[in-house]
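Heads up: the structure comes next, in structure tokens.
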Amino acid sequence: MEKFDKEFSKSRRSGSVVQNLSGELAYYSFKPSPLPPLPSIEISQEMMALLIEANRKVAYLDASSDKIPNVNLFSSMYIRKEALLSSQIEGTQCNLDDVLDPENEENANIDVGEVINYIGATDFAIERLEKLPLCMRLLKETHAVLIKCVRGSDKTPGEFRTSQNWIGGQGSSLKNARYIPPSVDDMKIALNQLEQFMNSDDRLDPLIQAALIHYQFETIHPFLDGNGRIGRLLITLFLLQKKIISKPILYISCFLKINRVEYYDRLSEVRRSGNYEQWIFFFLQMILETANDAIDSINDLEDLHRKNMAWIETIPPRTRGNALKLFEYIEAKAIIDTTKTAADLGLSYNTTAKTIETLHRYGILEPSAKRGKASLYSYTDYLAILRRGTEL
Numbered sequence: 081m082e083k084f085d086k087e088f089s090k091s092r093r094s095g096s097v098v099q100n101l102s103g104e105l106a107y108y109s110f111k112p113s114p115l116p117p118l119p120s121i122e123i124s125q126e127m128m129a130l131l132i133e134a135n136r137k138v139a140y141l142d143a144s145s146d147k148i149p150n151v152n153l154f155s156s157m158y159i160r161k162e163a164l165l166s167s168q169i170e171g172t173q174c175n176l177d178d179v180l181d182p183e184n185e186e187n188a189n190i191d192v193g194e195v196i197n198y199i200g201a202t203d204f205a206i207e208r209l210e211k212l213p214l215c216m217r218l219l220k221e222t223h224a225v226l227i228k229c230v231r232g233s234d235k236t237p238g239e240f241r242t243s244q245n246w247i248g249g250q251g252s253s254l255k256n257a258r259y260i261p262p263s264v265d266d267m268k269i270a271l272n273q274l275e276q277f278m279n280s281d282d283r284l285d286p287l288i289q290a291a292l293i294h295y296q297f298e299t300i301h302p303f304l305d306g307n308g309r310i311g312r313l314l315i316t317l318f319l320l321q322k323k324i325i326s327k328p329i330l331y332i333s334c335f336l337k338i339n340r341v342e343y344y345d346r347l348s349e350v351r352r353s354g355n356y357e358q359w360i361f362f363f364l365q366m367i368l369e370t371a372n373d374a375i376d377s378i379n380d381l382e383d384l385h386r387k388n389m390a391w392i393e394t395i396p397p398r399t400r401g402n403a404l405k406l407f408e409y410i411e412a413k414a415i416i417d418t419t420k421t422a423a424d425l426g427l428s429y430n431t432t433a434k435t436i437e438t439l440h441r442y443g444i445l446e447p448s449a450k451r452g453k454a455s456l457y458s459y460t461d462y463l464a465i466l467r468r469g470t471e472l
């Protein structure tokens, strides 16, 4: 991508490029126009067809999630997958097994720590949304959870920036940056306008609103670090607030990981030409494909659950109760060690080990590693479904 140009915006529809400071210190930043865009979004027949299909699939996904025996466990595991993918987009080097390893709950390295923080930030934001509208305060509080004690923790966690930032390769500066977000004063105005739009009664379809909100947040780039992860989470939070989804089961990071270059190009095109429509079309394609993938995962997980429950029903009644208890546990954890599992389930070590061996004989659990005295077992078929798209 070429360096940021003072003539970057060819249309005031999306904003304008303004000069800051003077003389040798002078530089140019982008000042975004408020939402909704003017002239209004032009919805072509092709976009309308895509919008209808995307809404239909999202509604079907939300209804399908009710089929899952324990939707809270599924949502929790899906949040972990999204946290991993969203962090991988930012360069985090770990995989799903690293995140689910029970030892890493207490002894995580920085990469795993970033993913664990994202999980915590997501849980925090969703819970906070029950008490607050989607607002800048909520985003700042979520940001504080996101980058606590990991990379970026020295960049004012929970606070909007008070200095100019820019986007570019390593070693870039204001002189050769690819993109320079609004100055601090322009940022404050833009954030106030964005907050108003997020909570307005705008007549645009909520999926189109979500596309505009995500674009605007990434354009404002209000934090010194973590903007991408907060911006992606913002989509889920907005759709929850609008009751388009009732559970946090729609996440976009897998699509964006695959289509990363096009994603950045589409955002840049809005700033360059004011063409919101091409971005919205891409966004709707992303929502549709993401919903389809989630529906497939739900169906596969439901089939797996039903198959394994049928196996467990054949276990002698004397030990079936513990087997059911362990099965529910592994659907929440996926990777377990015997000692911690025994403590969590309130069973003796020997009883837990025998129950694990029973599920191993039925092909549900597989030994995955031995670390010191701790033997790890994996719910391999479950992990295979969740791993899709998470490979480095």
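Using my numbering, the letters of the sequence shown correspond one by one to residues 81 to 472. C-beta atoms are modelled at their ideal positions from N, C-alpha and C, and glycine is treated no differently.
- Under the three-state reduction of DSSP output, Lys111 falls in the strand class.
- Thr394 and Tyr198 have their alpha carbons spaced roughly 40 Å apart.
- For Ser96, the enclosing beta strand (DSSP E) starts and ends at 95-100.
- Assignment of Glu122 by DSSP, reduced to helix, strand and coil, places it in the coil class.
- For Ile415, no alpha helix (DSSP H) segment is defined; the enclosing uninterrupted segment is the beta strand (DSSP E) at 415-417.
- One alpha carbon belongs to Met127, the other to Phe362, and they sit about 10 Å apart.
- With fewer than 16 other CB atoms across the displayed protein chains lying within 10 angstroms of its CB, Gly103 is exposed.
- A straight-line Cα-Cα distance of about 36 Å links Glu194 and Gln99.
- Collapsing the DSSP output to three states places Tyr429 in a helix.
- Under the criterion of beta carbons closer than 8 Å, Arg340 and Trp359 do not qualify as touching, at roughly 15 Å.
- For Arg312, the enclosing alpha helix (DSSP H) begins and ends at 307-321.
- Contact annotation: Thr421 and Thr432 have beta-carbon atoms nearer than 8 Å.
- The alpha carbon of Ser156 has as its nearest neighbour, out of Glu446, His385, Asp417, Lys327, the alpha carbon of Lys327.
- A direct Cα-Cα distance of roughly 13 Å separates Tyr462 from Met389.
- Within a 10 Å sphere around the beta-carbon of Gly426 sit fewer than 16 other beta-carbons, which makes this residue exposed.
- For the 8 Å CB-CB criterion, Lys137 and Ala290 do not form a contact.
- Judged by DSSP in its simplified three-state form, Leu219 adopts helix.
- Collapsing the DSSP output to three states places Tyr259 in a strand.
- Per DSSP, Arg346 is one residue of the alpha helix (DSSP H) stretching across 340-353.
- The residue from Ser120, Ser113, Val97, Ser455 with its alpha-carbon nearest to that of Arg283 is Ser120.
- Put simply, the segment 322-337 does not touch the segment 297-304. Fewer than three CB pairs are less than 8 Å apart.
- DSSP places Ala464 inside the alpha helix (DSSP H), whose first and last residues are 460-466.
- Contact holds between the segment 259-274 and the segment 109-123, because three or more Cβ pairs, one in each stretch, are under 8 Å apart.
- Per DSSP, Thr370 is one residue of the alpha helix (DSSP H) stretching across 356-392.
- Taken through DSSP and simplified to helix, strand or coil, Tyr331 comes out as coil.
- For Pro447, the secondary structure class from DSSP, reduced to helix, strand or coil, is strand.
- His223 and Gly238 do touch by the CB rule: their CB atoms are close to 5 Å apart, below 8 Å.
- Arg351 is classed as buried because its beta carbon has at least 16 other beta carbons within 10 Å across all chains shown.
- The segment 307-327 makes contact with the segment 162-174; the number of CB pairs closer than 8 Å reaches 3 or more.
- DSSP places Gln244 outside any alpha helix (DSSP H), giving it a letter other than H or E.
- Assignment of Leu214 by DSSP, reduced to helix, strand and coil, places it in the coil class.
- Secondary structure of Tyr158 (DSSP, three-state): helix.
- DSSP places Asn272 inside the alpha helix (DSSP H), whose first and last residues are 264-278.
- The shortest C-alpha to C-alpha distance from Met278 to any of Phe240, Ser243, Leu219 is the one to Leu219.
- A straight line joining the alpha-carbon of Ser145 with that of Leu287 spans about 19 Å.
- Distance from the Cα of Ala106 is smallest, within the candidate group Leu330, Tyr344, Leu254, for Leu254.
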